[in-house]
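Residue numbers (this note's numbering), protein chains in the order written: chain U, 1 to 438; chain X, 1001 to 1315; chain S, 2001 to 2313.
Structure, as structure tokens:
Structure (structure tokens):
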């Protein structure tokens, strides 16, 4: 084992010296296949023009993204020089030296993490959490938010009907319970001769969908993973009465206010349902909002956006990613040059204008930011209260356990919310025991 | 001098004499011919299998090379065998296995029996029927999610057309217990042709004179079917069952793309669960034990079955 | 045949059989027809309700399959020069511009290399082994044969873990060679068993005569046995190809960028919002073609393959 470690660090040293390995100037950047990735291709043309580097891109669809990329890193593949990896991977990637630690580079180039929004630095860059050890540069801020058919909400007959039923005006929901009422109100309603439904939400089983959706409700009710951060004491936190209520709420939302057949739905299906005019509201990542706003059929003045409503607390489920240098790259200099270029405030500003969510303070704190897009203000609100899943090296085990418990309770009607959460604690306890953390 | 094999045969002398004068002995040639196959199987099947056994006694995690590997004895095996969830997955697998086999055997044999009427164009029909089997199971699983869509999918629409049950009132892959039948339908659609082909081979292997003899004995058609057709095709049919059984025990691609194991765990076949443990949770040691348990199960069942098959053949 | 034959079914039973089988054929081909026709639908047509049987054909799916597209701002879109080619135009009609080729072409070529490469290797090794088992006294023959067959029973995941580790050490992860070897190892048991059945059928006397004529064993094998076994080789090749061509589990676990085949790629074709069903269907159709053509060309041997190999012990 030791010899191999030695060899590995020798190789790493050799690679980081760079000069000996002056490769043809090409870089491959890996990310998920979605709208922002296309924007990044456009943005990167400036980098190509400035440096003469040829950029290649490998975009993997979301359902396979984690599998494929973690497998790639794990098998020591050389596909990616740069990786915009999901926030939860950072623990494992740092522990296994898959990502290059960027502190020295940041110091040398004068890149300061203070220039980026603190929530994003904490979530996308640091390991162990909150320590000044940086393994990524915040690249794409994101959270789970909502959007709705503004044109339907504005119709007088619908407004009147809503007011009659609930005694208040139909407007963007301020709480989760209001959201449920609005969704139930639209469920099964005839609009323009078509039956429409309340909301499309995440219920996907295989990767992370239902967890990302249900945590939107859990966090809003005040869900916590631990009583004391870092102690892994989950009893009473994970299965608190608020958490049980939130989970029952999410199940009710699913059972009473979503289109039929959306029992294994994630980002694509949610977009699909909204764009085909089936639902009044939908949840999805902010990353898709520029594309939704630009949609010729359901975008423009037919759509508006709102942040995940609070119930007991204002909170949103965190998405988003940082950009990391894959330690195994054979073009370390090129990869670092890209990060240096990407961190510049004017590039970040252009990134935002093209549909990428910059995390740079120069962009976010700009007085004009809030009005630069109909969802910009909501984005700032969301990022002010984001919460993320465990980022432990064993996060995949923790996530899949939660997927199973939630899908069993919410979609497949097995057991109660209390049982699901109790079971989850048991699963997680086992994982942490195996990890030696409990 | 003519040189057809028949002529050479006519001039044949005992082969033993000839052999001695050639360079390589038959024994050497035999080894040269067999060795690459054996070597390949040892390297890519047996060696990994032994490795799996070894890993199954550890807590190794393949995605965490820097963590210390501990020997944990039988803990992985005990955990798996006492886990209710895994027994439930086994039941799901058994349900899938039994029903796909029953349906495929019944439909496949009936089709073969009909095609064996040797009507005009039966060749063409056979070739067309076989087509679903040529598709990639992964693509099939993926595309059937589209066909099963309650709102836009073909299946629900057709059901509504014929029964009047509103298409959006049920979800073939959703909650309500339909999902475990939906995966059986797709597998049956795809693999019935395979069973049919093997049965057809069996039916065509029955010489005509047996039926002629039965006819002379005035055996009824019904009796001929049960005393000649069925017993003669049985070895073929059992072989088809063996192949389908092994394949469906290992089933992963089609179902994972169709349901991902959901809703909840309703269609979580053991091999999907295993893949999750091994390559998503990266519990390498634990999943190695899981893999060994599955392998021993299928190997054991198959061995018993092959013994029965041989008995049937000997009759 | 002029005389009455008891084995020849009556006209009526033939008719009934033909009708029933045709009925099954129609029902079973509907999903397949749906795949092929969806490939020629436009995006909105593919997800319309009720499902459209009659539609205006479009090549959108095929264009989307082979390209990656990107949405540009409305001003930039308006400022674009007119589309130069028909496929540019199809993409423009969706409100987007072509960003570049997709990875489908590469994935398809990988499938060709790995599928046909491993089929060739399985047949090559399988024929040699089958010949040896058929003609020579191999020690422990029955045990070896059963051993070869039993390797087919292993769940792929059972060996995938160590193969993954082994390939990682040997640098075979994500390489064509690694996948060819792997698929060959899976297919070879079937190849040996089927081919042994065929070679058993070839009378030994042929080779023995050739040996007397001064052929070496190798020459006799090449010039006498191989041509006789051609049918068997062809039908075995179909089965090997169908497996290697369509395999998913190993491909998804052991390959990523360089050597990944098409089956893991096709289900992941995503359009803007939702899966791009026309493109998925187009991919499925194109991917089906080679193996379908191969099978139709060799269809006469398909049945014989099973007949010979299946029940012979």
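Backbone N, C-alpha and C fix where the C-beta goes; we use that ideal spot for every residue, glycine too.
For the pair residue 2111 of chain S and residue 2261 of chain S, the CB atoms are nearer than the 9 angstroms cut-off. Taking the Cβ atoms as the reference, residue 32 of chain U lies roughly 19 angstroms from residue 386 of chain U, outside the contact range of under 8 angstroms.
Under the DSSP assignment, residue 26 of chain U falls in the beta strand (DSSP E) whose first and last residues are 26-32. Every alpha helix (DSSP H) stretch that sits fully inside the segment 1076-1121 of chain X and reaches 4 residues is listed by chain position as 1084-1115.
Sequence-distant partners of residue 336 of chain U (beyond 5 residues in either direction) whose C-beta falls short of 7 angstroms from its own C-beta, in its chain, are 105, 325. A Cβ-Cβ contact shorter than 9 angstroms links residue 304 of chain U with residue 172 of chain U. Annotation: the segment 2175-2219 of chain S contains the following complete segments of the alpha helix (DSSP H) (minimum length 4 residues), in chain order: 2176-2201, 2204-2212. Comparing alpha carbon positions, the residue from S:2276, S:2142, S:2063, S:2250 closest to residue 2180 of chain S is S:2250. Per DSSP, residue 137 of chain U lies in no alpha helix (DSSP H) segment; the continuous beta strand (DSSP E) that holds it begins and ends at 137-140. DSSP, reduced to helix, strand and coil, places residue 86 of chain U within a strand of the structure shown. Residues of chain U whose Cβ lies closer than 8 angstroms to the Cβ of residue 2102 of chain S do not exist; the shortest such Cβ separation is about 10 angstroms. At a Cβ-Cβ threshold of 9 angstroms, residue 184 of chain U and residue 311 of chain U do not count as neighbours. Setting aside the 5 residues that flank it on each side, residue 1171 of chain X is surrounded in the same chain by 1150, each with a C-beta closer than 6 angstroms to its C-beta; the list follows chain order. For residue 2102 of chain S, no alpha helix (DSSP H) segment is defined, and its DSSP state is neither H nor E. Taken through DSSP and simplified to helix, strand or coil, residue 1025 of chain X comes out as coil.
Taken in chain order, the complete alpha helix (DSSP H) segments of 4 residues or longer contained in the segment 2250-2301 of chain S are 2262-2265, 2277-2297. Under the criterion of beta carbons closer than 8 angstroms, residue 417 of chain U and residue 157 of chain U do not qualify as touching, at roughly 37 angstroms. Taking C-alpha positions only, residue 354 of chain U is separated from residue 343 of chain U by approximately 16 angstroms. Against residue 1253 of chain X, the close residues of chain S are 2248, 2249, in the order they occur along the chain (beta-carbon pairs closer than 7 angstroms). In this structure, residue 2252 of chain S lies away from residue 2269 of chain S, with their beta-carbon atoms at least 9 angstroms apart. In chain U, no part has a C-beta under 9 angstroms from the C-beta of residue 2045 of chain S; the shortest such distance is about 12 angstroms.
Of all C-beta pairs linking the segment 86-101 of chain U to the segment 127-136 of chain U, three or more are shorter than 8 angstroms, placing the two stretches in contact. For residue 111 of chain U, there is no enclosing beta strand (DSSP E), since its DSSP letter is neither H nor E. Contact with chain X is found for residue 412 of chain U, since one of that chain's Cβ atoms lies less than 9 angstroms from the residue's Cβ. Rounded to whole angstroms, the Cβ separation of residue 2299 of chain S and residue 1127 of chain X is 5 angstroms, and the two are in contact under 8 angstroms. Ranked by Cα distance from residue 1129 of chain X, the first of X:1054, X:1290, X:1107, X:1299 is X:1107. Per DSSP, the continuous alpha helix (DSSP H) segment holding residue 216 of chain U begins and ends at 209-221.
Closest by C-alpha distance to residue 2155 of chain S, out of X:1252, X:1138, X:1198, is X:1252. Secondary structure in the segment 253-303 of chain U: the beta strand (DSSP E) runs of 3 residues or longer, each lying completely within the stretch, are 279-285 in chain order. In the DSSP assignment, residue 390 of chain U forms no beta bridge with any residue. For the pair residue 412 of chain U and residue 1300 of chain X, the CB atoms are not nearer than the 9 angstroms cut-off. The continuous alpha helix (DSSP H) containing residue 1163 of chain X extends over residues 1154-1163. Separation of residue 2125 of chain S and residue 1260 of chain X (C-alpha to C-alpha, rounded to the nearest whole angstrom) is 37 angstroms. Burial is judged here by how many other beta carbons sit within 10 angstroms of a residue's own beta carbon; residue 2189 of chain S has at least 16 and is buried. For the segment 62-74 of chain U, the set of positions with a beta-carbon nearer than 9 angstroms to some beta-carbon of chain S reads 62, 63, 64, 67, 68, 69, 71, 72, 74 in chain order.
Per DSSP, reduced to three states, the secondary structure at residue 2094 of chain S is coil, with no helix or strand assignment.
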